[in-house]
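This report refers to the structure that appears directly beneath it.
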Amino acid sequence: MIELFKNVLDTSKYVFDRNLVSGKAGNISARFKDPQGDVVAITPTGVSLSQVNNKNIAMVNMKGESLNNCKPSSELFLHLKIYEARPDIQGIVHTHSPYATGFSFSEKKIKRMEGFGPVIKPYLAEIPYYTPGSKKLAENVSKIIKNEDVIILKNHGVVAVGKDTQEAGALAEFVEEIAKTQFICHQLGGKI
Ligand SMILES: [Zn+2]
Numbered sequence: 001m002i003e004l005f006k007n008v009l010d011t012s013k014y015v016f017d018r019n020l021v022s023g024k025a026g027n028i029s030a031r032f033k034d035p036q037g038d039v040v041a042i043t044p045t046g047v048s049l050s051q052v053n054n055k056n057i058a059m060v061n062m063k064g065e066s067l068n069n070c071k072p073s074s075e076l077f078l079h080l081k082i083y084e085a086r087p088d089i090q091g092i093v094h095t096h097s098p099y100a101t102g103f104s105f106s107e108k109k110i111k112r113m114e115g116f117g118p119v120i121k122p123y124l125a126e127i128p129y130y131t132p133g134s135k136k137l138a139e140n141v142s143k144i145i146k147n148e149d150v151i152i153l154k155n156h157g158v159v160a161v162g163k164d165t166q167e168a169g170a171l172a173e174f175v176e177e178i179a180k181t182q183f184i185c186h187q188l189g190g191k192i
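Numbering-wise (the UniProt record's numbering), the sequence shown opens with residue 1 and increments by one.
Right under this line is the structure:
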């Protein structure tokens, strides 16, 4: 359990330091698999990822019930639905990183590049806009995430998953990097 907190803490700092989130945006969680019921550690609501610590990380069960009296992120339901849909992943990172989110507000899509494994489909998966924190957002993400490790949320941000929070964080960073590269390419008049 200590490792679960450490993972959330380390990835919160990583994601914040790399400018993938700012202010109080973004949230991160890690799951501990247990035959008696999985436990999820998730960043708290209303706290900058730079201010996350062992005392404010929320612990919940898979029903979303608090196990330590800390208030979880408003996107808790999104995280729980993703864990339900993906038994193979134990870490989730949600950011509003500016380049990837900029694409989400435009008509342009982010092209897949090597690093996601074999490039079979041309663009990253994107879902329509749903209110942040809503069950509709969680349900729609959980359907698509079965076959994707990254989803662009229209007019909102990015969700990345991985075998742990570090892997999910690195993927979120990679998405931002390729979005930035593609933005520069568009600015220079290039076609992607
Ligand atoms: Zn968000």
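Backbone N, C-alpha and C define an ideal beta-carbon position, used for all residues, glycine too. What you are looking at is a predicted structure, and each value in this text was computed from that prediction instead of being measured.
Following the DSSP letters along the chain, one finds residue 79 inside the alpha helix (DSSP H) bounded by residues 76-85. In the DSSP assignment, residue 162 is bridged to 91. Sequence-distant Cβ neighbours of residue 68 in its own chain, meaning closer than 7 Å and more than five residues away, are 58, 59. With a beta-carbon spacing of about 5 Å, residue 155 and residue 105 fall inside the 8 Å limit used to define contacts. Residue pairing by DSSP puts residue 42 in a beta bridge opposite 29, 58. Between the C-alpha atoms of residue 147 and residue 141 there is a straight-line separation of about 11 Å.
Ranking 127, 126, 25 by CA distance to the CA of residue 47 puts 25 first.
By the criterion of a C-beta distance shorter than 6 Å, residue 99 is surrounded in its chain by 176, 179, 180, 183, once the five residues flanking it on both sides are discounted. Contact between residue 16 and residue 66 is ruled out by a C-beta separation of about 24 Å, above the 8 Å threshold. Taken from the Cβ of residue 156, at least one heavy atom of ligand 1 lies inside 7 Å. Contact between residue 127 and residue 151 is confirmed by a C-beta separation of about 6 Å, below the 8 Å threshold. If you draw a straight line from the Cα of residue 174 to the Cα of residue 168, it is about 10 Å long. Counting other Cβ atoms within 10 Å of its Cβ, residue 161 reaches 16 or more and is therefore classed as buried.
Residue 73 is positioned such that its CB atom lies no closer than 8 Å to that of residue 95. Every alpha helix (DSSP H) stretch that sits fully inside the segment 108-158 and reaches 4 residues is listed by chain position as 135-144.
Residue burial annotation: residue 191 is exposed, with fewer than 16 other C-beta atoms found within 10 angstroms of its C-beta.
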